[in-house]
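Trainee: Take this structure first; my questions come after.
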Amino acid sequence: MAGAVSAGAYTAGMLDFLIEALDAWYAAKQNGEAVPMHDVSIEVFSGASAGGMCAAIASVMVQGEFEHIHDTSRRGTTNRFYESWVNKIDISHLLQTDDLQAHGRALSLLDCSIIDEIAEYAIKAGTPKKRDYISPNLTLFLTLTNLTGIPYALENLGASESTLYHADRLRFEIVQPGAQPRGRLAKPLPLGSPNEPAWDLLVEAAKATGAFPIFLRPRMFRRNLADYDRPLWQSINVDPRDLNVPPNWPKPMPDLQTINVDGGVIDNDPFNLAHDYLAAILPPSEANLNPRKPLEANRAVLTVAPFPAHSVFEPATDLSKQASVGNSLWRLIGVFITQSRFFGESLALIADGTYSRFMIVPSDPDLAGLPPLQGASLGAFGGFFDRSFRAHDYQLGRRNCQQFLRHHFVLPRQNPIINEGISKLGGRAEETFDKFKVRHPPEGTGATDWIPLIPLCSETVSIDVERPDRGRINRDTLDYIIKLIYRRVNALIPVLIQDLQSPAQRILVETGARIIEALDREKLKDYLNSQLT
Numbered sequence: 003m004a005g006a007v008s009a010g011a012y013t014a015g016m017l018d019f020l021i022e023a024l025d026a027w028y029a030a031k032q033n034g035e036a037v038p039m040h041d042v043s044i045e046v047f048s049g050a051s052a053g054g055m056c057a058a059i060a061s062v063m064v065q066g067e068f069e070h071i072h073d074t075s076r077r078g079t080t081n082r083f084y085e086s087w088v089n090k091i092d093i094s095h096l097l098q099t100d101d102l103q104a105h106g107r108a109l110s111l112l113d114c115s116i117i118d119e120i121a122e123y124a125i126k127a128g129t130p131k132k133r134d135y136i137s138p139n140l141t142l143f144l145t146l147t148n149l150t151g152i153p154y155a156l157e158n159l160g161a162s163e164s165t166l167y168h169a170d171r172l173r174f175e176i177v178q179p180g181a182q183p184r185g186r187l188a189k190p191l192p193l194g195s196p197n198e199p200a201w202d203l204l205v206e207a208a209k210a211t212g213a214f215p216i217f218l219r220p221r222m223f224r225r226n227l228a229d230y231d232r233p234l235w236q237s238i239n240v241d242p243r244d245l246n247v248p249p250n251w252p253k254p255m256p257d258l259q260t261i262n263v264d265g266g267v268i269d270n271d272p273f274n275l276a277h278d279y280l281a282a283i284l285p286p287s288e289a290n291l292n293p294r295k296p297l298e299a300n301r302a303v304l305t306v307a308p309f310p311a312h313s314v315f316e317p318a319t320d321l322s323k324q325a326s327v328g329n330s331l332w333r334l335i336g337v338f339i340t341q342s343r344f345f346g347e348s349l350a351l352i353a354d355g356t357y358s359r360f361m362i363v364p365s366d367p368d369l370a371g372l373p374p375l376q377g378a379s380l381g382a383f384g385g386f387f388d389r390s391f392r393a394h395d396y397q398l399g400r401r402n403c404q405q406f407l408r409h410h411f412v413l414p415r416q417n418p419i420i421n422e423g424i425s426k427l428g429g430r431a432e433e434t435f436d437k438f439k440v441r442h443p444p445e446g447t448g449a450t451d452w453i454p455l456i457p458l459c460s461e462t463v464s465i466d467v468e469r470p471d472r473g474r475i476n477r478d479t480l481d482y483i484i485k486l487i488y489r490r491v492n493a494l495i496p497v498l499i500q501d502l503q504s505p506a507q508r509i510l511v512e513t514g515a516r517i518i519e520a521l522d523r524e525k526l527k528d529y530l531n532s533q534l535t
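Just add 2 to the spot in the sequence shown (first one is 1) and you have the working numbering.
Printed below as a string of structure tokens:
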């Protein structure tokens, strides 16, 4: 699950429908209905930024009961995806000043108190419910950007230089109470035991992976030195005989406290963590490669990418203008964001028809040139400005997931797993196959009729999810938001200045504050309105 900022609502909606479809299918199998009888198992979630927050919530949600959202006007539901990403988060909360009063200093441009509340609400172990399609050892990877860094020295190479490595992650595993995780470095999350320490760490890790730099507060927690025994740039399936470079910890080093921000800064699409984990489970894949051909595929990574690629190439024309300090700085920020979202090899393989990796991306063919996600505006912060935007993106996530499962997440009948499941139906096999088959095989695969890997087996999931109406923000709401922006800035600036030691930094902040105060509020409102509509 890739980073998305406010478009985490899209990922949340997709997860909501995915679990609803799986529940309906497994209920149909248990009731003896004529449905495909193969099995699937969700073994691992990996996520960065908003995707990491969704992954953390999902690791809890799949363990219990909750209602699925068919009406996005509802409030006060038992669906933590929906409540967290649609009903609870909002720019009005992020522009409060409670954090400045609580901490006495500025830790971020926005007030993160609401994020603390949501994390405590959404990531809490409840009464377990067994789902046969959830692995008993469900594993979770969250990426982090470790601002403290992991020290490495080049002394063994005859040099005195040292460096820091900042791409970090945490690994968790669902376990039965009292049991130990299979993964050597996995933090155990005992079912139904919310007071176990790893659950608190998961809450902090979820907030850390989504801590958009400067705007949202960095998160601090202790780490075990053993987490870094093997370099994090190596695959999680690294051969123990491979070259190992130990961190250059100072002596003595009894404990490690780290400062962490958004995992998407360095690794916005943590595909390899899920891919390599799947390659290692029994039976392990050869050479860390999952079978890719449709007749052989037996495991796959499903990537949810709210912003897979939206940058447009623009040939340089006025070089001197584009190379100016202001333009260069703005373009540099865009470069960091685009590069962190670049999907490289996996995009090429998905486009080439690989059946060990799939991708769900926002799609609304009825729109004429508009981005399908309403949370895409203002650097993907736009969804926070109005609940209707988040409700739209959540519903679109559900709709896109349904169409993906129906038309794209498929394998041919000749695949051994699919064929065995159909064969279990005996005399009902052909009737069931004809009911669920799809006739859209890609050319050159050597297969004809295909079956959805997750068939839509009840009326609630088989009837088309309605296309969501576009949300709208009114000018009264914008007036209120602008009022909050100025109130937040006026409270923030004195605290920022108090923290700064350098006179030059103080002058810079004071100048910025005067510029903001001098802005015409009507022009600011017009700008926000143009971006959000």
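Even glycine gets a Cβ: it sits at the ideal position worked out from N, Cα and C. All figures in this text were calculated on a predicted structure; none of them were measured in a lab.
Taking only the alpha-carbon atoms, compute the straight-line gap between Met-55 and Pro-308 and give it to the nearest angstrom.
Mentor: Here residue 55 is taken as the residue at index 53 of the sequence shown, counted from 1. Here residue 308 is taken as the residue at index 306 of the sequence shown, counted from 1. Near 14 Å, if we compare the C-alpha coordinates of Pro-308 and Met-55.
Trainee: Do Glu-67 and Thr-129 come within 9 Å of each other at the CB atom, strictly closer than that value?
Mentor: The count along the sequence shown starts at 1 and reaches residue 129 at position 127. The count along the sequence shown starts at 1 and reaches residue 67 at position 65. Their beta carbons are under 9 Å apart, which means Thr-129 touches Glu-67 by this criterion.
Trainee: Whose C-alpha, out of Ala-393, Leu-191, Leu-146, Arg-408, is nearest the C-alpha of Phe-223?
Mentor: One-based indexing of the sequence shown puts residue 223 at position 221. Among Ala-393, Leu-191, Leu-146, Arg-408, the Cα nearest to that of Phe-223 is on Leu-146.
Trainee: When DSSP builds the beta bridges, which residues end up paired with Asn-262?
Mentor: By one-based count along the sequence shown, residue 262 stands at place 260. Asn-148, Arg-221, per the DSSP bridge assignment.
Trainee: What first and last residue would you give for the beta strand (DSSP E) that runs through Pro-454?
Mentor: As a working note, residue 454 is residue 452 in the sequence shown. Run containing Pro-454: 452-454, per the beta strand (DSSP E) assignment.
Trainee: Could you check what DSSP says for Ser-137 in three-state terms: helix, strand or coil?
Mentor: Position 135 of the sequence shown holds residue 137. If DSSP states are grouped into helix, strand and coil, Ser-137 belongs with the strands.
Trainee: Between which two residues does the beta strand (DSSP E) harbouring Arg-171 extend?
Mentor: Working through the sequence shown from its first residue, we reach residue 171 at position 169. Unbroken beta strand (DSSP E) run through Arg-171: 164-177.
Trainee: Assign Arg-474 to buried or exposed, taking buried as 16 or more other Cβ atoms, counted over all protein chains shown, within 10 Å of its Cβ.
Mentor: Residue numbering aside, residue 474 sits at position 472 when the sequence shown is read from its first letter. The residue in question, Arg-474, is exposed, as its Cβ has fewer than 16 Cβ neighbours within 10 Å.
Trainee: Express the C-alpha separation of Ile-268 and Asn-250 in angstroms, rounding to a whole number.
Mentor: Numbered from its first residue, the sequence shown carries residue 250 at position 248. Numbered from its first residue, the sequence shown carries residue 268 at position 266. So the two alpha carbons sit approximately 22 Å from each other.
Trainee: Should Ala-520 go down as buried or exposed, given a rule of 16 or more other Cβ atoms within 10 Å for buried?
Mentor: For the purposes of this step, residue 520 is identified with residue 518 of the sequence shown, where counting begins at 1. By the 10 Å Cβ count, Ala-520 comes out exposed.
Trainee: What is the C-beta distance between Tyr-84 and Asp-18, in whole angstroms, given that I count them as a contact (C-beta under 8 Å)?
Mentor: The sequence position of residue 84 within the sequence shown is 82, counting from 1. The sequence position of residue 18 within the sequence shown is 16, counting from 1. That pair is a contact at about 7 Å.
Trainee: According to DSSP, Phe-47 sits in a beta bridge with which residue or residues?
Mentor: Locating residue 47 in the sequence shown gives position 45, counting from the first residue. Answer by DSSP bridge pairing, in chain order: Leu-142.
Trainee: Within its chain, find whatever has a CB closer than 7 Å to the CB of Glu-347; leave out the 5 residues flanking it on each side and keep chain order.
Mentor: As a position in the sequence shown, residue 347 is number 345, starting the count at 1. Note that Glu-347 scores 49 on pLDDT, short of 50, meaning its location in the model is unreliable and no value can be drawn from it.
Trainee: Taking only three categories from DSSP, how would you classify Val-412?
Mentor: On the sequence shown, residue 412 is found 410 positions in, with the first residue counted as 1. In this structure, Val-412 counts as strand in the three-state DSSP scheme.
Trainee: Locate the beta strand (DSSP E) running through Phe-383, then write down its first and last residues.
Mentor: Reading the sequence shown from its first residue, position 381 is the one you call residue 383. DSSP places Phe-383 outside any beta strand (DSSP E), giving it a letter other than H or E.
Trainee: Taking the C-alpha atoms as reference points, what is the distance between Gly-213 and Ala-493?
Mentor: Mapped onto the sequence shown, residue 213 falls at position 211. Mapped onto the sequence shown, residue 493 falls at position 491. Going by the sequence as given, residue 213 is Ala instead of Gly. Distance between Ala-213 and Ala-493, taken at the CA atoms: about 21 Å.
Trainee: Please go through the same chain and pick out, in chain order, the residues whose beta-carbon is closer than 6 Å to the beta-carbon of Glu-163, but skip the five residues on each side of it.
Mentor: Here residue 163 refers to the residue found at position 161 when the sequence shown is read from its first residue. Leu-156, listed in sequence order.
Trainee: Quick check on this structure: which residue in Leu-97, Tyr-154, Ser-61 has the alpha carbon closest to the alpha carbon of Ala-121?
Mentor: By 1-based counting over the sequence shown, the position of residue 121 is 119. Cα-wise, what sits closest to Ala-121 is Ser-61.
Trainee: Based on Cα-Cα distance, which residue from Met-16, Thr-80, Glu-119, Ala-50 lies nearest to Gly-266?
Mentor: Along the sequence shown, read from residue 1 onward, the residue named residue 266 stands at position 264. Taking only the C-alpha atoms, the option nearest Gly-266 is Ala-50.
Trainee: Report the three-state DSSP secondary structure of Val-240 (helix, strand or coil).
Mentor: For this step, residue 240 is matched to residue 238 along the sequence shown. In the structure shown, Val-240 sits in coil (DSSP, three-state: anything other than H, G, I, E or B).
Trainee: Could you give the DSSP three-state label for Ala-299: helix, strand or coil?
Mentor: Stepping through the sequence shown from its first residue, residue 299 is reached at position 297. DSSP places Ala-299 in coil when its eight states are reduced to three.
Trainee: Considering only DSSP beta bridges, list what Phe-360 is partnered with.
Mentor: Here residue 360 refers to the residue found at position 358 of the sequence shown. When DSSP reads this structure, Phe-360 sits in a beta bridge with Leu-304.
Trainee: For Ile-116, which residues of its own chain have a beta-carbon under 6 Å away from its beta-carbon, when the five flanking residues on both sides are left out?
Mentor: Counted from its first residue, the sequence shown places residue 116 at position 114. Only His-95 meet the Cβ criterion.
Trainee: Can you give me the Cβ contacts of Arg-1 inside the same chain, cut-off strictly under 6 Å, excluding the 5 residues immediately before and after it?
Mentor: Outside the shown range of the chain, which is 3 to 535, sits residue 1, and nothing can be said about it.
Trainee: Can you tell me whether Ser-75 is buried or exposed? The criterion is at least 16 other CB atoms within 10 Å of its CB, across all chains shown.
Mentor: Position 73 of the sequence shown, counted from the first residue, corresponds to residue 75. It counts as exposed.
Trainee: Which first and last residues belong to the alpha helix (DSSP H) in which Pro-496 is found?
Mentor: Against the sequence shown, residue 496 aligns to sequence position 494. Start and end: 477-501.
Trainee: Give me the Cβ distance between Glu-175 and Leu-191, rounded to the nearest whole Å; I'm assuming they're in contact under 8 Å.
Mentor: Counted from its first residue, the sequence shown places residue 175 at position 173. Counted from its first residue, the sequence shown places residue 191 at position 189. So it is a contact: roughly 7 Å between Cβ atoms.
Trainee: What are the start and end residues of the alpha helix (DSSP H) that includes Lys-527?
Mentor: Indexing the sequence shown from 1 puts residue 527 at position 525. Lys-527 -> alpha helix (DSSP H) spans 523-534.
Trainee: What runs of the alpha helix (DSSP H), each 4 residues or longer, lie entirely inside the segment 26-104?
Mentor: Within the segment 26-104, the complete alpha helix (DSSP H) runs of at least 4 residues fall at 51-63, 93-96.
Trainee: Alpha helix (DSSP H) containing Pro-505: first to last residue?
Mentor: On the sequence shown, residue 505 is found 503 positions in, with the first residue counted as 1. Its alpha helix (DSSP H) spans residues 505-520.
Trainee: Give every residue of the same chain whose Cβ lies closer than 8 Å to the Cβ of Gly-194, excluding the five residues on either side of it in the sequence, and list them in chain order.
Mentor: Reading the sequence shown from its first residue, position 192 is the one you call residue 194. The residues are Ala-127, Gly-128, Thr-129, Pro-130, Pro-179.
Trainee: Can the beta-carbon of Ile-456 be found closer than 9 Å to that of Ala-23?
Mentor: Taking the sequence shown and counting its residues from 1, the one referred to as residue 456 is at position 454. Taking the sequence shown and counting its residues from 1, the one referred to as residue 23 is at position 21. Yes; because the gap between Cβ atoms is below 9 Å, this pair is in contact.
Trainee: Rounding to the nearest angstrom, what Cα-Cα distance links Val-511 and Gln-500 in this structure?
Mentor: Counting from 1 along the sequence shown, the entry for residue 511 is found at position 509. Counting from 1 along the sequence shown, the entry for residue 500 is found at position 498. Those two C-alpha atoms are separated by around 11 Å.
Trainee: Let's see if you can read the secondary structure: which residues bound the alpha helix (DSSP H) around Pro-418?
Mentor: Position 416 of the sequence shown holds residue 418. 418-425 is the extent of the alpha helix (DSSP H) around Pro-418.
Trainee: Is there a Cβ of chain B sitting closer than 9 Å to that of Pro-233, yes or no?
Mentor: The structure shown contains no chain B; it is built from a single protein chain.
Trainee: Could you tell me the boundaries of the beta strand (DSSP E) in which Pro-192 lies?
Mentor: Here residue 192 refers to the residue found at position 190 when the sequence shown is read from its first residue. First-last of the beta strand (DSSP E) with Pro-192: 189-192.
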